[in-house]
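Following full-length UniProt numbering, the numbering of the sequence shown begins with 1 at its first residue and continues without gaps.
Glycine included, every Cβ here is placed at the ideal spot set by N, Cα and C.
Note that the coordinates shown come from a computational prediction; the quantities given were computed from them, not determined experimentally.
Heads up, the thing below is written out as structure tokens.
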Amino acid sequence: MASSDIPVVVGLDNGGNSNNATVLDAAGRFLVDELLETPCQVLDGPEAAIEALATAMEQVLSHTGTPRELVRAVGLDTPGPSSATGVISSKGSTNFSQPAWRGYDIRTALERRLDLPVIYNNDGNAAALYAHHAHFGDDAMNRSSVSAIVGTGLGGGVIERGQVVTGAAGMAGELGHVHIPMYGLLAEGQPVPLCNCGFVADAESVASLTGIRRNLLPYWLTRFVGHPLGELDPVRAAKQVRTYGVDGDPMAIKIFEQQAMALGRLFTIVANFADPDAYFVGGGVVEAAPEFRTWFLDMVREHTSLRTEQAAQARFALVPDLDMAGARGAAIAALKSLDGQLTPSAG
């Protein structure tokens, strides 16, 4: 619960079905230990979605017993593509598919609704920021990291000295659309994978749920004729691959080996232009059984080619608390934006 006089920031994570919220106080303590979700209403259009975000904030403040007057800023993250300042792509996106969302400035709209400063990041960057700070703690501002988060697509982020690298248009850290070498990754006769973005042979075309459905599973079902997943529709089958992998199914293991190899090759490229202290992996594998996720992370490390000097100090780890990582990263970004202004005597 909140102290009666310590100011706070709120983190709001907007997803496809729900909003998740948290509260972070000036002492760096998260006041929410669990997933606190409310409906996001993005399918009802921008106005309804903004009201839903405002409701999520009021509910998390009520849940933690935090007076609204103690809130100094709000961190917001949403799925992309979007600009660094929170303008949804003019072409829309998977989550924001209605015409009214195209080019919509969600950050400014929420800021006006709440009458509070709103700091924006895309969901991959927010999760990467949380992973970085959770791992390095007090040393976070002296460290760098890269995170790859395997979901429907492949998200992530690059953190340099504790800060998100956004780029001029806000599209830095779009790791899923980095082209990776396919020689030695693809099996005999396996087609070169295609990405939904139109690219050929990028990381997301392999290391994502969409990559499994569109590229990996159709090929491997031809090599494991009669497999039970071949009896399901492609969407359901792709979602079942992780369960089969945890159980040691040979075909599912082949698929996850290719995903791990793709992430390792992606990290190899990153190592040559960013040379980070740490490499984080998140997504469905984090939610799998401990033995399986350890195996997967070890496979990623095995396929990441580092120079001797890099390998001596590089860290590989899983993104912690993935369900809460977006909201927590958004809150950290809001806290950092105040640059020391958030003190018990502020306001």
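Nonlocal neighbours in the same chain, by C-beta distance under 6 Å from Gln41, ignoring five residues either side: The sequence position of residue 41 within the sequence shown is 41, counting from 1. Closer than 6 Å at the Cβ level, and outside the excluded window around Gln41, lie Ala48, Ala49 and Ala52.
Work out the CA separation of Gly167 and Ala56 for me, nearest whole Å. Mapped onto the sequence shown, residue 56 falls at position 56. Mapped onto the sequence shown, residue 167 falls at position 167. Cα to Cα, the separation comes out at about 30 Å.
Alpha helix (DSSP H) segment containing Gly282, residue limits: Residue 282 sits at position 282 when you count from the first residue of the sequence shown. Element bounds for Gly282: not the alpha helix (DSSP H) but the beta strand (DSSP E), Ala278 to Gly283.
Which of helix, strand or coil DSSP assigns to Pro344: Numbered from 1 along the sequence shown, position 344 holds the residue referred to as residue 344. Any reading at Pro344 must be qualified, since the residue scores a pLDDT of 41, below 50, and its modelled position is unreliable; the value itself is stated next. Looking at Pro344 - three-state DSSP - the assignment turns out to be coil, as it is neither helix nor strand.
So, at 8 Å on beta carbons, what are the nonlocal neighbours of Tyr244 in its own chain, with the 5 sequence-adjacent residues on each side left out? Position 244 of the sequence shown, counted from the start, is the residue given in the question as residue 244. Leu229, Met251 and Ala252, listed in sequence order.
Option in Val319, Ile106, Gly80 and Lys91 with minimal Cα separation from Thr152: As a first step, residue 152 must be located in the sequence shown, where it is residue number 152. Cα-wise, what sits closest to Thr152 is Gly80.
Beta-carbon contacts of Ala330 that lie in its chain and below 7 Å, excluding the five residues immediately before and after: In the sequence shown, the residue the question calls residue 330 occupies position 330. The answer, listed in chain order, is Gly11, Leu12, Asp13, Gly75, Leu76, Asp77, Asn121 and Ala126.
Can you say whether Cys195 is buried or exposed, counting buried as having 16 or more other CB atoms within 10 angstroms of its CB? As a working mapping, residue 195 is identified with position 195 in the sequence shown. Buried: at least 16 other Cβ atoms inside 10 Å.
Assuming the contact rule is C-beta atoms closer than 8 Å, Leu36 and Asn20 should be a hit. Round their C-beta distance to whole Å, please. Numbered from 1 along the sequence shown, position 36 holds the residue referred to as residue 36. Numbered from 1 along the sequence shown, position 20 holds the residue referred to as residue 20. Yes, they are in contact, since the Cβ atoms of Leu36 and Asn20 sit about 6 Å apart, within 8 Å.
Distance between beta carbons of Ala73 and Leu116, contact taken as under 8 Å: Within the sequence shown, numbered from 1, the residue matching residue 116 stands at position 116. Within the sequence shown, numbered from 1, the residue matching residue 73 stands at position 73. Confirmed, Cβ separation roughly 6 Å.
Is the segment 171 to 183 in contact with the segment 200 to 210, if contact means three or more CB pairs nearer than 8 Å? yes
Pair every Cβ in the segment 88 to 100 with every Cβ in the segment 135 to 143, then say whether three or more of these pairs are closer than 8 Å. no
Tell me whether the segment 21 to 28 and the segment 313 to 331 touch, counting them as touching only if at least three CB pairs, one residue from each stretch, are closer than 8 Å. yes
Taking 8 Å as the cut-off, does the segment 296 to 306 touch the segment 156 to 167 (at least 3 CB pairs, one atom from each stretch)? no
Whole runs of the beta strand (DSSP E) within the segment 145 to 202, excluding any shorter than 3 residues: 154 to 160
Could you check whether Val150 and Gly283 sit closer than 7 Å to each other, using their CB atoms as the reference points? By 1-based counting over the sequence shown, the position of residue 283 is 283. By 1-based counting over the sequence shown, the position of residue 150 is 150. Their beta carbons are under 7 Å apart, which means Gly283 touches Val150 by this criterion.
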